[in-house]
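Step one of this worksheet: look at the structure below.
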Amino acid sequence: MHNPTHPPHVKKCPTHSEHMTVPMATNGPHHDQLVPSDIVDSGKHNGRHYGSCRVPEAPQPEGRHQLLNKAQSPSSRSPSSGLGSYVETAPLLSNGHFPGSKVNEDPEDCGAQGGFPEAPVESVRSMVLQILMPFLLAGLGTVSAGMLLDVVQHWGVFQRVTEIFILVPALLGLKGNLEMTLASRLSTAVNVGRMECAREKWSLIIGNLALKQVQATVLGLLAALAALFLGWVLSGEVLLSHAALLCSASVTTAFMASLLQGIIMVGVITGSKRMGINPDNVATPIAASFGDLITLAILAGFSQGLYECIELYPYVSYLVCLFFLCLTPLWVVISSRNPASRILLYTGWEPIITAMVISSLGGLILDTTVSDPNMVGMILYTPVINGIGGNLVAIQSSRIATDLHLHCLPRQVPENRRSCYYPCRTFFGSGANQRSAQVLLVLAIPGHLIFLYTIHLMKGSTSTVHIFLPLFDLTVFCQVLTLLCVADWMVHFLWRTGRDPDSYSIPYLTALGDLLGTGLLALAFFLLWLVGEQVSTGD
776 MHNPTHPPHV
786 KKCPTHSEHM
796 TVPMATNGPH
806 HDQLVPSDIV
816 DSGKHNGRHY
826 GSCRVPEAPQ
836 PEGRHQLLNK
846 AQSPSSRSPS
856 SGLGSYVETA
866 PLLSNGHFPG
876 SKVNEDPEDC
886 GAQGGFPEAP
896 VESVRSMVLQ
906 ILMPFLLAGL
916 GTVSAGMLLD
926 VVQHWGVFQR
936 VTEIFILVPA
946 LLGLKGNLEM
956 TLASRLSTAV
966 NVGRMECARE
976 KWSLIIGNLA
986 LKQVQATVLG
996 LLAALAALFL
1006 GWVLSGEVLL
1016 SHAALLCSAS
1026 VTTAFMASLL
1036 QGIIMVGVIT
1046 GSKRMGINPD
1056 NVATPIAASF
1066 GDLITLAILA
1076 GFSQGLYECI
1086 ELYPYVSYLV
1096 CLFFLCLTPL
1106 WVVISSRNPA
1116 SRILLYTGWE
1126 PIITAMVISS
1136 LGGLILDTTV
1146 SDPNMVGMIL
1156 YTPVINGIGG
1166 NLVAIQSSRI
1176 ATDLHLHCLP
1186 RQVPENRRSC
1196 YYPCRTFFGS
1206 GANQRSAQVL
1216 LVLAIPGHLI
1226 FLYTIHLMKG
1236 STSTVHIFLP
1246 LFDLTVFCQV
1256 LTLLCVADWM
1266 VHFLWRTGRD
1276 PDSYSIPYLT
1286 ALGDLLGTGL
1296 LALAFFLLWL
1306 VGEQVSTGD
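Residue 1116 in my numbering sits at position 341 of the sequence shown, and the numbers go up by one each step.
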């Protein structure tokens, strides 16, 4: 018999008040900080949230025990829902939805003993199976992007407007700045139960897609301006026609690639939820699987088209750029209708602009090495090492962020994360985040070997010297190891300071991956040159 005060099948869409921005208590003499509703909703634990009230700094232990007991009581789930049902009281999919999953018996709570009810945690086998296929798809996408870049570098626009090489890492990095950030936000929303109501789900999706288009348009323009500035530093001159071409191509590429990949991302995340797959494991790699290839293809094709008509119709570049910039107010209006995206519309620029600048520095390295005969072949491998490193660290960042949203109040981190950070803590331990870091680090080197062999087969005449393989493996290992350690520290630091790691961490991490990957790869090719060896691409 159902308890009349707790109808088992009644599910209401949240009211407007549940989305309100609320003040969050801080430690020390700081002012109250406004946070997005998705951060406040991270207080949801088994369908409960802290509503539009002030979140206390330290919950009472007995209250948390009562919450645990109530969540484990039979009345908390529908008797007719079945074993595999997904009910409002479960923040993650039920145990049956994750093959091989188990419940963590020793949770890392964020306060006293007892903690919040623990969500299902995948076994290592389940984690590897869910990550492996998207990881391989992402690798094939980056391999294809590298091969395409190796071809288009000989096109007229790439030969004459050399600043476009500075633009390439910044535009390819948009998948980390925008696509992976969107995937991480929506994955967290799925895992904490914020996409159960159709009205809330579509409001969240449309608001985030519109926000992403605003950010893509602005970032495309800023990336072009940064490329022009760095190109001016190198050459001492900038042609107005080249500047117009670069701005138009950059804005168009960013807009079109972002729109296409955003739609794909929404389909992947909603499909993962229906299939019972943790979207944290698959969304970010799939976001990047063919993102590099799509972005580079649009950039190369559109740039070459503008370059061919630049003498006869010089005004076309200005009109195209102006058209996409004029669409920006429309996306601003649409994104403002969702509370979470409205706040990010004003506060979410810092990480993506900083990440764009960092990626542009990697592009500066690429631009200075692409014309060096001693660095032949580097342009073929740069998208591979940058893309795969960014994919792996994005998975880890998204998983840690989801774990904090599920188990910790804002500004509170697990007890063992409150001391000074040390790298061993990232990989050694029995927690789910340590296991995933171990899995991702182990996947890095054999995965790259597969991709190198794929390049060798597809290029046919590509030859690699024996000393290049250990150097490349060492480069990959150093890059991924550094990124995973930085991700572990950064996500917890952002959470402790009251910022949403879903929106802040991935742009920084993928941009750092671009800079590290390009720099370390250039160092590897320089060492090859010192010993008198060279990698041939068959061109």
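Glycine included, every Cβ here is placed at the ideal spot set by N, Cα and C. The structure presented is a predicted model; accordingly, all values stated were derived computationally and were not measured.
The way I'd put it, the region 971 to 984 doesn't touch the region 916 to 934; fewer than three beta-carbon pairs between them come closer than 8 Å. In the displayed model, Asp1275 falls within coil according to three-state DSSP, outside both helix and strand. One thing to note: Asn1056 has its Cβ within 8 Å of the Cβ of Ile906.
The region 961 to 970 and the region 1087 to 1100 do not touch, with fewer than 3 CB-CB distances between them shorter than 8 Å. Only exposed fits Ser1010, as fewer than 16 other CB atoms lie within 10 angstroms of its CB. Taking C-beta separations shorter than 6 Å and ignoring five residues to either side along the sequence, the partners of Ala1032 in its chain run Ile1069, Thr1070, Ile1073, following chain order. In the same chain as Ile1061, and ignoring 5 residues on each side of it, the C-beta atoms closer than 6 Å to its own belong to Pro909, Val1043, in chain order. Shown here for Ile1230: same chain residues with a beta carbon closer than 8 Å to its own, the five before and five after excluded, namely Val918, Gly921, Met922, Leu1155, Tyr1156, Val1159, Thr1237 in chain order. For Asn1208, the enclosing alpha helix (DSSP H) covers residues 1207 to 1234. Under the 8 Å Cβ criterion, the region 1264 to 1277 does not count as touching the region 1136 to 1144, having fewer than three qualifying pairs. Going by beta carbons, Thr1027 and Val1095 fall inside the 8 Å limit. From the listed residues Thr956, Asn952, Ala1024, Arg900, the smallest Cα separation to Glu1083 is found for Ala1024.
In the structure shown, Cys1253 adopts helical secondary structure according to DSSP, grouped into three states.
Around the C-beta of Cys1199, fewer than 16 other C-beta atoms lie within 10 Å, and the residue is accordingly described as exposed.
Only buried fits Phe933, as 16 or more other CB atoms lie within 10 angstroms of its CB.
By the criterion of at least three beta-carbon pairs nearer than 8 Å, the region 1285 to 1295 is in contact with the region 1121 to 1139. Sequence-distant partners of Met1265 (beyond 5 residues in either direction) whose C-beta falls short of 6 Å from its own C-beta, in its chain, are Ser1280. When only Cα atoms are considered, Met1153 and Leu1296 end up about 7 Å apart. With a 10 Å radius around the Cβ and a threshold of 16 neighbouring Cβ atoms, Glu954 comes out buried. Straight-line measurement puts the Cα of Ser1078 at about 10 Å from the Cα of Ile1085. Burial state of Gly1165 is buried, judged by a 10 Å Cβ sphere holding 16 or more other Cβ atoms.
Residues of the same chain with a CB within less than 6 Å of the CB of Asp1263, apart from the 5 flanking positions on each side, are Thr1201 in chain order. With contacts defined by Cβ atoms closer than 8 Å, Leu986 and Leu1120 form a contacting pair.
Our two residues, Leu979 and Leu1258, have alpha carbons roughly 30 Å apart in a direct line. Secondary structure of Thr1143 (DSSP, three-state): helix.
Look at the region 973 to 1012 and you find these whole runs of alpha helix (DSSP H), each 4 residues long or longer: 973 to 1010. Closest by C-alpha distance to Leu1218, out of Leu1227, Phe1252, Gly1206, Ala1018, is Phe1252. A straight-line Cα-Cα distance of about 11 Å links Leu1139 and Phe1004.
For Val936, the CB contacts under 6 Å within the same chain, skipping 5 residues up- and downstream, are His1017 in chain order. Excluding sequence positions up to five before and after Trp930, its CB lies within less than 6 Å of the CB of Gln1079, all in the same chain and listed in chain order. Under the three-state reduction of DSSP output, Val927 falls in the helix class. Here Gly1137 is actually not in contact with Pro1282; their C-beta atoms are around 14 Å apart, not less than 8 Å.
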